[in-house]
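Numbering (our numbering), first residue to last: -17 to 436.
Below is the structure:
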């Protein structure tokens, strides 16, 4: 009880800063948001943004380059033709993108068919032209995806398959369904060979044409666009990098989203959000970690779970919470007792969490903070064995008094982020309690001694 009074009061973290997800949409009128009643509204990218923000801990920065009437040639031209008005803008957006969606190809085919109400599937010459157009669609998407990979090899790319936009032509449905199936096969195949994800939409429209396509128009209603966005979100959200949050104490179930992870820096316990509840995943104190120092943020594959790393360039302290992620837990003020610590080699780039009560995507994607240094981080824990639990206990003890941790191998001390709040009143109460307890004990001892003599 006395210790609880003397130690600083620990406060539970409550702020959850959401990381930004850069989203680029490429495509035709479906991305642009042309509606079934021929008005202009919001396309499926807008609803994908909403789905991601409501279903994950990300905020989405959307750049939508969808244009009505666009064919695969137009999308490709914006990407590779310096004379295109959007060339620089599109390429720069793709360079920064975390996710990219794409829909194009239907207009290439419809341009060959012309007036769909006059489409004659028995016209062999027309069918050959349609097949040639589909081959061109595949070639254009293939070049587009390869160019995207050159610009940004890390972005996740999702390509939309088409629904039956001509359901209002009952007399030629067999031919319509065949052509849509063939077009989707072409898109799916090209996506697969370029590492992109094919997102089917045919089934989600099937049987819901009165709601999604009530008029004889190829564009969906807003409900139809929301259905498309939901299908995309089913593929996108599970593939988003895990968001790491940290604070002091057990996390509140009201915070975070499924798949998020949380580090309790008071007890060094990792939690994972399963459905709507935070569940304890593992305890960092059970790992045999080391205290490392170097110049530059740590590489993803550097160190092991339970290690701590101090970046001398930025005075930022990291803890490795899983095999692929170093969590940044804030600025630390180094106190060099001997005029300089050991400078190890820089481990290079890493993903980052954020400062304070932090969020950060698990670092399997670019974060723009790559190091160009050639040094490798140095283990300053040589000759100092023990589990991470022992080291964490030492660090917590230091944090509860001076907020410092001493590294083995030199005289440099690292000042940890101040996560505790000292309250002088607690100290006074603690000292008063100790005094009362001491006086009571002495009086009791004298009484026992006196009764013994009697």
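Think of the CB as a built atom: it goes at the ideal place given N, C-alpha and C, for glycine as much as any other residue.
Just so you know, these numbers come straight off a predicted model, no measurement behind them.
Where residue i falls, given that 16 or more other Cβ within 10 Å makes a residue buried
i, result
"residue 280", "buried"
"residue 206", "buried"
"residue 41", "exposed"
"residue 33", "buried"
"residue 83", "buried"
"residue 292", "buried"
"residue -14", "Annotation note: pLDDT 29 at residue -14 (below 50); position unreliable, coordinate value reported separately. The residue is exposed, with fewer than 16 neighbouring Cβ atoms inside 10 Å."
"residue 31", "buried"
"residue 197", "exposed"
"residue 248", "buried"
"residue 298", "buried"
"residue 418", "exposed"
"residue 276", "buried"
"residue 406", "With a pLDDT of only 48 at residue 406, under 50, the local geometry of the prediction cannot be trusted, and the value read off the model is given with reservation. Exposed."
"residue 21", "exposed"
"residue 256", "exposed"
"residue 227", "buried"
"residue 258", "exposed"
"residue 114", "exposed"
"residue 135", "exposed"
"residue 174", "exposed"
Whole-angstrom C-beta distance between residue j and residue i, which should lie under 8 Å
i, j, result
"residue 88", "residue 199", "In fact, because the Cβ distance is near 13 Å, the residues do not count as touching under 8 Å."
"residue 118", "residue 58", "Not really, about 11 Å apart at Cβ, beyond 8 Å."
"residue 169", "residue 123", "7 Å"
"residue 274", "residue 285", "6 Å"
"residue 144", "residue 166", "6 Å"
"residue 7", "residue 48", "6 Å"
"residue 13", "residue 45", "The pair is not a contact, with the Cβ atoms about 11 Å apart (cut-off 8 Å)."
"residue 146", "residue 101", "Actually they do not touch by this definition, with Cβ atoms about 14 Å apart."
"residue 195", "residue 63", "With 8 Å as the limit, residue 195 and residue 63 do not qualify as a contact, their Cβ atoms being about 34 Å apart."
"residue 23", "residue 204", "6 Å"
Sub-8 Å separation of residue i and residue j beta-carbons
i, j, result
"residue 85", "residue 54", "no"
"residue 60", "residue 138", "no"
"residue 243", "residue 236", "no"
"residue 219", "residue 25", "no"
"residue 141", "residue 181", "yes"
"residue 4", "residue 71", "no"
"residue 301", "residue 290", "yes"
"residue 29", "residue 208", "yes"
"residue 179", "residue 210", "no"
"residue 233", "residue 260", "yes"
"residue 172", "residue 93", "no"
"residue 252", "residue 303", "yes"
"residue 39", "residue 239", "yes"
Three-state secondary structure assigned by DSSP to residue i
i, result
"residue 277", "coil"
"residue 87", "coil"
"residue 229", "strand"
"residue 253", "strand"
"residue 101", "coil"
"residue 16", "strand"
"residue 405", "With a pLDDT of only 44 at residue 405, under the threshold of 50, the placement of this residue in the model should not be trusted; the figure read from the coordinates follows. Correct three-state label for residue 405: coil."
"residue 184", "helix"
"residue 259", "strand"
"residue 264", "strand"
"residue 149", "coil"
"residue 127", "helix"
"residue 167", "helix"
"residue 382", "Note that residue 382 scores a pLDDT of 38, beneath 50, so its modelled location is shaky and nothing firm can be said."
"residue 117", "helix"
"residue 122", "helix"
"residue 132", "helix"
"residue 156", "helix"
"residue 237", "coil"
"residue 66", "coil"
"residue 199", "coil"
"residue 38", "coil"
"residue 191", "helix"
"residue 295", "coil"
"residue 173", "helix"
Residues that DSSP places opposite residue i in a beta bridge
i, result
"residue 290", "273, 301"
"residue 43", "4"
"residue 310", "300"
"residue 9", "85"
"residue 245", "228, 252"
"residue 141", "84, 180"
"residue 22", "16"
Neighbour flag for residue i against chain C, beta carbons, 8 Å
i, result
"residue 226", "Here chain C cannot be found, since the structure has a single protein chain."
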